[in-house]
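This report concerns only the one structure given below.
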Amino acid sequence: MDYFLTEEQQVIRDLARRIAEEKVLPVRAELDEKEEFPWKIMNILAKSDFMGIYIPEEYGGLGYGTLELCIAIEELSRVCLGVSTTYAANALGTYPILLFGSEAQKKKYLPDIASGKKLVAFALTEPNAGSDASGIQTTARLEGNEYVLNGTKQWITNGGEADIYTVIAMTDKSKGARGASAFIVEKGTPGFSFGKKENKLGIRASATRELIFDNCRIPKDNIIGRPGMGFIIAMKTLDKSRTGVGAQGVGVAQGAFEVAAEFAKTRHQFGSPIISFQAIQHMLADMAIQIEAARSLVYSVARYIDSGAKDISKESAMAKTFATDVAMKVTVDAVQIMGGAGYMREYPVEKMMRDAKILQIYEGTNQIQRNIIGQAIIKETTARM
Amino acid sequence: MKIVVCIKQVPDTAEIKINPETNTLVREGVPSIINPYDLHALEAGVQIKEELGGTVTVITMGPPQAESALREAISLGADEVILISDRAFAGSDTWATSYTLSRAIKKIGADIIFCGKQAIDGDTAQVGPETAEFLGIPHISYVKKIEYIRDGVIRVQRMMEDGYDVVESPLPVLLTVVKELNEPRMPSIRGVLASRRIEIKKMGMADIEAREDCVGLKGSPTKVKNIFAPERRKDSMMIDGTPEEQVEKLIEEMRKIKCL
Amino acid sequence: MPIIIKKDKCTGCETCIESCPYDAIEIKDGKAIINEYCNECSACLSVCPEGAIIKKEEVLVKEELKEREKRLQDYSGIMVFAEQRDGKVAHVSLELLGAGRRLADQLNTHLSAVLLGADRSEAEELIKWGADRVYLCNNHSLRTFNDDPYTDVLSKVIEEYKPSIVLAGATPIGRSFIPRVAARVRTGLTADCTSLEIDKETGNLLQIRPAFGGNIMATILCPDHRPQMATVRPRVMKKGQYDPERKGEIIELNMDEIESRTKVIETVKETAELGVNLQEAEIIVSGGRGVGGKEGFKLLQELADLLGGVVGASRAAVDEGWIPYSHQIGQTGKTVNPRLYIACGISGAVQHLVGMQSSDIIVAINKNPEAPIFNVATYGIVGDLFEIVPLLINKIKEIKGLS
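Line by line, the protein sequences are chains A, B and C.
In terms of the numbering used here, the first sequence opens at residue 1 and continues consecutively.
In terms of the numbering used here, the second sequence opens at residue 1 and continues consecutively.
In terms of the numbering used here, the third sequence opens at residue 1 and continues consecutively.
The structure is reproduced here in structure tokens:
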């Protein structure tokens, strides 16, 4: 279906697809098997201008918006979620600086991010603070011209590989929700180390690590915005990045669907290709409907965000929830259609199914997303009465 | 550093078929691509520009269709592209092509010229060295690694049959490159958009100040007398049976010809 | 333009357009016309169902004929550039002498060789292999190949001794500097000739070579310029007869200070993994995409070892990284002509065939009965190489009493 993409959007889609098919597809199984970080692919994406898609031109980026980023993420996800997660996590880590950073901070960090010279990671989650983000315990104590960080972050994507980390830490416990602040911490800062790499069910090419802050001293100027803005910054960041996760869902679902459909056309049983059986056709039809609906929702929300809308929490939550639930269902069905072959590592769909699960969990579980949508409904309904 | 890269638009010879009835080439539907070796040449030029500064000018001698190859070169990092085209150039063999390219390069000016080892349609590997001769500059063929460029001198590894030579040359120099030299990059988003908008500069007979008797069919010392389909072996024999039977029969034949 | 389409016979069926390798035919007002890109290759003549395309024979006016004769008359004899490595004459030079001798005898003329950077004894060998005359320049700076001095010396020799035909090997050395010579001497050069013949009518050299990736063969002429230059791939031509009693002349060239802009700093040899030279091998076991990986090549190596042969590969296998480039056979690799070539899992794309089709016996093993390799195979086996090759290995071991 034609989504009336602009010339730039089409160029991004075609080029992302080409890179995915020529450079990612041949190595995705090996990256998954060996849990290998896709440095070579990140460098190719960087050289081809992908890291700066959403970063303003004055900082070395292309100055495009959410939809352009989503299109790139979707195409990469169609081939490998491990690679697209590594790619998309950079945007997640960059949004705090982009949305709330000072001019000096933007000038200092954004050009290297846009050129792909440095990778980024966003650090909010802790062992005792997942869905309940307000329960974070990492502290940042102001001492003269420095902040001193103590605590651990858990399950951080790009942890250990990224150079730049945007970290949410408590600066004033007594203030509760207004007691957290956001900071920029660079790899190599004394007192900042990493735990072992996590061994995951899926997106195994993506590196997930613990961050350990042990009296880690950073310059006072590394605080983003003002003290107390931490959770606002985190919420606004996640609002922006949710459509990207939605795009991941659309992409992996599309990839799984294509593999299953092609298989169904060539696999013969009972004297016919199995795609000629109604049972299979109905499954494929439902998958196709879901994917198109998910894509339409994600693109619409992305366009809405790019129009400058201020309140995007509900819409972005809807796009993320719907598209990622679709991704899980479609990838499971793809394995089912392929039967025994679908279960084998030799074919790509079992990986897609394993990979898809995380989409319903990270950047706010789909249960939290429904909470967000619920809260918005309450607000809107009350307002009308 | 002024870098010039010569490219050629060629039919994808891996896709070409022979019409079995007429024994002639079927070019219909065969995509036109940048000669694969020229992609390595372009990558080499762009890498040097990124390291040492300068400009990369990509030129091609060809019909108007060759413009698409030049646009692709922009998406891959070329700064400027020029189409060397004129009715007078048609029918050129390698001598006339090299002469024409050399006149163009003389006008443009270059410190280093990169060419691919050979074009996959002509397969002669002659244009690079001949162009260098017409320009009166040295050349090094089959470059598989560039060791350094400094103080107006370049040092490279030249691939030979059983190893390589380390060769040094003053600039300006022409290099022909092999695939082992680098991995060509993917296009960039900026590059693709620029490639659609750029205006292609053209140079014809008058612009390059070429002699009439040195270009095109008239200027070509070699002529094609005819073309024909390669002969197929007539003494073929298929060996049938189970794998064991096939192996038995094969061994029998191998004994007959005294290979066992 | 010698190729003409007769308008009255042309029906505009466009068959000729599809057959033209140079995009030189267009439709105008319903009739086919030939544009300036025509290379006069005559492909269209045979395909036109109406017989509407004819080639006008080149009719030279008497004066033009006389001019051409005058230009060409000073040139005579066949000259071979005899390549040497480390001071020893390379095998390809002997193959060229074989071809050159045949041509010289046909034209009733002499055969000479040019040898740079080797000593007199090597030159004497060239005479025994068929040369009437050897131009020798033993200057030590010519021992290692370098484009500038080789181009200078050979160009001067050509200008002084005016051969009608010059042959050289299409080796890294030949492919590098011979084109420079052709440019300098203002003459035509045809690369990778697979066959050289003399045209009975004109006495011109007919240079036959593959084009378009080996999909087609072309006959090339150099009618108006001399010398007619051609390079030939190693293992394509056959050596001549060695006659230890043969006598000839050795002319020592006096070259003053040979200048060179380029400098060869060092030569690095990397034959470690090859063992036996692929191009000298009598038996080659070769693998393509069907081999599937590095492991598969170990199987082929076992067969090669048993037969006393060497392992080769198609470009597909080398590009996948299963075996180094030094084993690659084909248009962009080496040309071989062993007595026995066993092609395992090789489809037989033209680009591969040009590198091995002159092997004496070709055995092809491939799962796909439509694979083009079967067109050139002496013996074809449709089967799984992973079944056939182990059986073959076991059988051979049995025969040799090794199992």
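By construction, the Cβ of each residue, glycine as well, lies at the ideal position given by its N, Cα and C atoms.
Note that the structure is a prediction, hence the values are computed from the model and not measured.
- Neighbours of Ser19(C) across chain B, judged by C-beta separation under 9 Å: Asn19, Thr22, Thr24, Leu25, Val26 and Arg27.
- One thing to note: Ile105(B) has its Cβ no nearer than 8 Å to the Cβ of Leu62(A).
- Distance from the CA atom of Ala229(B) to the CA atom of Val26(B), rounded to whole angstroms, is 12 Å.
- For the region 20-104 of chain C, the full-length beta strand (DSSP E) segments reaching 3 residues or more read 25-28, 31-34, 53-55 and 78-82 along the chain.
- Burial of Asn366(C) is indicated by the presence of at least 16 other C-beta atoms within 10 angstroms of its C-beta.
- According to DSSP, residue pairing for Tyr165(A) in a beta bridge involves Ala121(A) and Val185(A).
- Interface flag for Val192(B) against chain A is set, since a Cβ pair is found closer than 8 Å.
- Contact between the region 344-351 of chain A and the region 17-31 of chain A is established, with three or more Cβ pairs separated by less than 8 Å.
- Taking 8 Å as the cut-off, the Cβ atoms of Leu101(B) and Cys6(B) count as close.
- Minimum Cα-Cα distance from Thr94(A) among the listed residues Ser48(A), Ile280(A) and Asp163(A) corresponds to Asp163(A).
- Listed along chain B is no residue with a C-beta nearer than 7 Å to that of Glu69(C); the closest approach is about 17 Å.
- Listed along chain C, the residues sitting closer than 9 Å to Met237(B) by beta-carbon distance are Ala377, Thr378, Tyr379 and Gly380.
- Not one beta carbon of chain B lies nearer than 8 Å to the beta carbon of Tyr150(C).
- In chain order, Glu43 place their CB closer than 8 Å to the CB of Glu183(B), counting only its own chain and leaving out the 5 sequence neighbours on each side.
- Along the region 239-260 of chain B, the positions whose C-beta sits under 7 Å from a C-beta of chain C are Ile239, Pro243, Glu244, Gln246, Val247, Leu250, Ile251, Glu253, Ile257, Cys259 and Leu260, read in chain order.
- Excluding five sequence positions before and after Gly45(B), the CB atoms of its chain that fall closer than 6 Å to its own CB belong to Ile3, Val5, Val56 and Phe114, given in chain order.
- Secondary-structure assignment with DSSP links Asn226(B) through a beta bridge to Thr219(C).
- In chain order, Gly61, Leu62, Gly63, Thr94, Leu98, Leu110, Ile113 and Ala114 place their CB closer than 8 Å to the CB of Ile55(A), counting only its own chain and leaving out the 5 sequence neighbours on each side.
- Within the same chain, Gln157 come within 6 Å of Lys145(B) by CB-CB distance, once the 5 residues on both sides are set aside.
- Against Pro187(B), the close residues of chain A are Leu15 and Ser48, in the order they occur along the chain (beta-carbon pairs closer than 7 Å).
- Around the C-beta of Ile4(C), fewer than 16 other C-beta atoms lie within 10 Å, and the residue is accordingly described as exposed.
- Around the Cβ of Pro324(C), a 10 Å sphere holds fewer than 16 other Cβ atoms; the residue is exposed.
- Residue environment analysis places Val167(A) among the buried positions, since at least 16 neighbouring C-beta atoms fall within 10 angstroms of its C-beta.
- Closest option to Asp132(A), judged by alpha-carbon separation, among Ile372(A), Trp39(A) and Ile377(A): Ile372(A).
- Along the region 19-48 of chain A, going in chain order, the ones with a CB nearer than 8 Å to a CB of chain B are Ile19, Glu22, Lys23, Ile44, Lys47 and Ser48.
- Residue environment: Phe4(A) is assigned as exposed (fewer than 16 neighbouring CB atoms within 10 Å of its CB, all protein chains considered).
- DSSP lists Val56(B) and Ile112(B) as the beta-bridge partner residues of Ile3(B).
- Uninterrupted beta strand (DSSP E) stretches at least 3 residues long and entirely within the region 208-291 of chain A occur at 208-219, given in chain order.
- Within a 10 Å sphere around the beta-carbon of Ala206(B) sit fewer than 16 other beta-carbons, which makes this residue exposed.
- Separation of the CB atoms of Met287(A) and Val330(A) is rounded to 5 Å, and the pair is thereby assigned contact status at 8 Å.
- Under the three-state reduction of DSSP output, Trp155(A) falls in the strand class.
- For Ser169(B), a Cβ of chain C is located within less than 8 Å of the residue's own Cβ.
- Thr6(A) and Val192(B) have their C-alpha atoms spaced approximately 14 Å apart.
- The C-alpha of Ala323(A) is placed about 17 Å away from the C-alpha of Glu68(A).
- For the region 135-161 of chain C, residues whose beta-carbon sits nearer than 7 Å to a beta-carbon of chain B comprise Asp147 and Asp148.
- Taking the beta carbon of Val79(A) as reference, no residue of chain B falls within 8 Å; the closest one sits roughly 14 Å away.
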